[in-house]
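In the order they appear, the protein sequences are chains A and B. According to my numbering, the first sequence holds residues 1 to 184 in order. According to my numbering, the second sequence holds residues 1001 to 1184 in order. Every residue, glycine too, gets a C-beta built ideally from N, C-alpha and C. This report concerns only the one structure given below.
Number of protein chains: 2
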Amino acid sequence: MKNTRQKITDAAIEIFNEDLSAPLEIVAEKAEVTRRTLHRYFTDRQDLVLACQFAMQESCKKAIDAVYTSYTDPLERFENMLYAAIDCGVKFSFLHRMHNNDRHQHTVKDENCKKYDVTFNKFKSTIEELQRKDLITKELSAEWIEMLSTGIVTAAINSEKSGNVAKINIKKFAWYSLSKGILV
Amino acid sequence: MKNTRQKITDAAIEIFNEDLSAPLEIVAEKAEVTRRTLHRYFTDRQDLVLACQFAMQESCKKAIDAVYTSYTDPLERFENMLYAAIDCGVKFSFLHRMHNNDRHQHTVKDENCKKYDVTFNKFKSTIEELQRKDLITKELSAEWIEMLSTGIVTAAINSEKSGNVAKINIKKFAWYSLSKGILV
DNA sequence: AAAAAATGTCACATATTTGAGAAAAAAGTC
DNA sequence: GACTTTTTTCTCAAATATGTGACATTTTTT
């Protein structure tokens, strides 16, 4: 059962993902509470945005970490990290977008960005390991593969939302495209 | 040389791409004009947003159409459509996002969406042709391949913006990943 | 250099968004 | 059923965003 605080951050993540300056009224509406209640949990917009970032980070970190430690085979690990990211949904893609945009949350940075880096570096290091062991092509740079991976995650999330791709197939398709697109 | 109107819509596309409800002040700033001047060209926010949509549509339509009619070989055509989309930059990805989001521009729809569909259907029909002629795998649905393509375009655009991937490589990498990711 | 066009500056009226207090209503808890 | 906690309702003041008029200044055209 979700508590009110969570209901609000969840709603905010959905809304802010599509419109970062949306009125808090809209967020409250989506969370099915009054704006007044929202303000009882979050003093102001900044506070709420930070809470969203924190929630997204925790969620992604948890999911990625769990996979990272469970698989020794790097390819298998990479595959399951993809699935974990897809399961995180907008939390993953929004978080990624936030940290690669120029004009936002320059106030926070440092502490918050460090956490983000730790999580996303697990992607990077896995990619590098795969390249070192000649399991994927070296024709592509690790940076590109990282971008590609998040691009495919986003495609998967959009597919799910649009409903144009059968839900059972999404992960299968995503891994098919990603693996073939980077294998030697 | 860009005229003021274009400077404003270009700035607005950049800004709105990241924050659809950003104050017009921010847009004016980016366009290097006063808010007063912005309002001389666009009566209100709605007017500006519509102008952006129009500009994005024209730009994408022009680029995609040109490629579509120049290549008879579907694979070659597909490849160059990818490059054209990447060249359109945020105009492409933002437009796509706008039309696949739930909560926006429900006012315009119809007329405006029709134009969008015409352009993006050229992607779809090319994908279907490729599948019909057994040039790409049938294990993936056409809808997924469409999503994947725009996902890779977005990855390419993000790569360019971040500067982490050498500019000369971006298109090459994008096509490498996309083609391998869908070929039989 | 004069005229015309475009842009900037300043001021102002509205509209919207924001944040919070006080008391009533609803939901949980024992 | 009495009690506590949470949420809603209603309120209001402050802050921010929006759109426009009047006039000065700059830039472009002729």
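Comparing the C-beta of residue i with each C-beta of chain A, is any distance below 9 Å?
i	result
B/ASP1019	yes
B/GLU1076	no
B/ILE1168	no
B/MET1147	yes
B/SER1159	yes
B/THR1126	no
B/ILE1217	Only positions 1001 to 1184 of chain B appear in this structure, which leaves residue 1217 of chain B out of reach.
B/ALA1031	no
B/ALA1012	no
Along chain B, in chain order, which residues have C-beta atoms closer than 8 Å to that of residue i?
i	result
A/MET81	Near A/MET81 there are no residues of chain B at all, since even the closest Cβ is about 17 Å away, more than 8 Å.
A/LEU140	PHE1173, TYR1176, SER1177
Check each candidate in the options and name the one with the smallest Cα separation from residue i.
i	options	result
A/GLU32	A/TYR83, A/ALA22, A/ALA11	A/ALA11
A/SER93	A/GLU18, A/ASP73, A/GLU111, A/THR72	A/GLU18
B/LYS1115	B/CYS1060, B/ALA1174, B/LEU1020, B/SER1141	B/CYS1060
A/ALA55	A/ILE26, A/GLY89, A/PHE173, A/ARG77	A/GLY89
A/LYS122	A/PRO74, A/ARG132, A/THR37	A/PRO74
A/LYS187	A/LYS171, A/LEU20, A/SER21, A/LEU48	In the structure as shown, chain A starts at 1 and stops at 184, and residue 187 of chain A therefore has no counterpart that could be examined.
A/SER179	A/GLU76, A/TYR71, A/GLY163	A/GLU76
B/MET1147	A/LEU140, A/ARG40, A/ASN164	A/ASN164
A/LYS172	A/ILE86, A/SER125, A/ILE136	A/ILE86
A/GLU58	A/ASN112, A/LYS30, A/PHE16	A/ASN112
B/GLU1129	B/ASP1065, B/LYS1062, B/THR1072	B/THR1072
B/ARG1097	B/ALA1022, B/THR1069, B/VAL1153, B/GLU1029	B/VAL1153
B/LYS1091	B/ILE1064, B/SER1070, B/ILE1170, B/ALA1028	B/ILE1064
Would you please state the rounded distance, in angstroms, between the beta carbons of residue i and residue j? I believe it to be under 8 Å.
i	j	result
B/LEU1024	B/ARG1035	6 Å
A/ILE145	A/ILE168	About 26 Å; that fails the 8 Å criterion.
Please report how far the alpha carbon of residue i lies from the alpha carbon of residue j, in whole angstroms.
i	j	result
A/SER149	B/GLU1014	24 Å
B/GLU1160	B/GLY1151	14 Å
A/SER177	A/THR43	44 Å
B/LEU1095	B/VAL1118	13 Å
B/THR1009	B/GLN1046	12 Å
B/GLU1143	B/THR1004	39 Å
A/ASN189	A/VAL67	Because chain A is modelled from 1 through 184, residue 189 of chain A falls outside the range shown and cannot be assessed.
A/MET1	A/PHE120	29 Å
B/LEU1082	B/TRP1175	8 Å
A/LEU140	A/LEU38	46 Å
B/ASP1134	B/ILE1127	11 Å
A/ASN100	B/ALA1155	12 Å
B/PHE1016	A/PHE16	13 Å
Note down, in chain order, every chain A residue with its Cβ under 8 Å from the Cβ of residue i.
i	result
B/LYS1133	By Cβ distance, chain A contributes nothing, its closest Cβ being about 19 Å from B/LYS1133, past 8 Å.
B/VAL1165	SER141, GLU143, TRP144, MET147
Step through the CB atoms of chain B and report whether any lies within less than 9 Å of the CB of residue i.
i	result
A/THR72	no
A/ASN100	yes
A/GLY89	no
A/HIS106	Because A/HIS106 carries a pLDDT of 45, less than 50, the predicted location of this residue cannot be relied on, and the following value inherits that uncertainty. So no, A/HIS106 is outside the interface.
A/ALA28	no
A/ALA84	no
A/ALA55	no
A/ALA63	no
Could you name the residues of chain B that residue i contacts, counting a contact when the two beta carbons are closer than 7 Å?
i	result
A/SER162	ASN1100
A/LYS180	LYS1180, GLY1181
Taking C-beta pairs closer than 7 Å, name the residues in chain A that residue i reaches, listed in chain order.
i	result
B/ALA1249	As shown, chain B starts at 1001 and ends at 1184. That puts residue 1249 of chain B outside it, with no answer to give.
For residue i, is the beta carbon positioned less than 8 Å from some heavy atom of the ligand ADP?
i	result
B/ASP1073	No copy of the ligand ADP appears in this structure; indeed no ligand is present at all.
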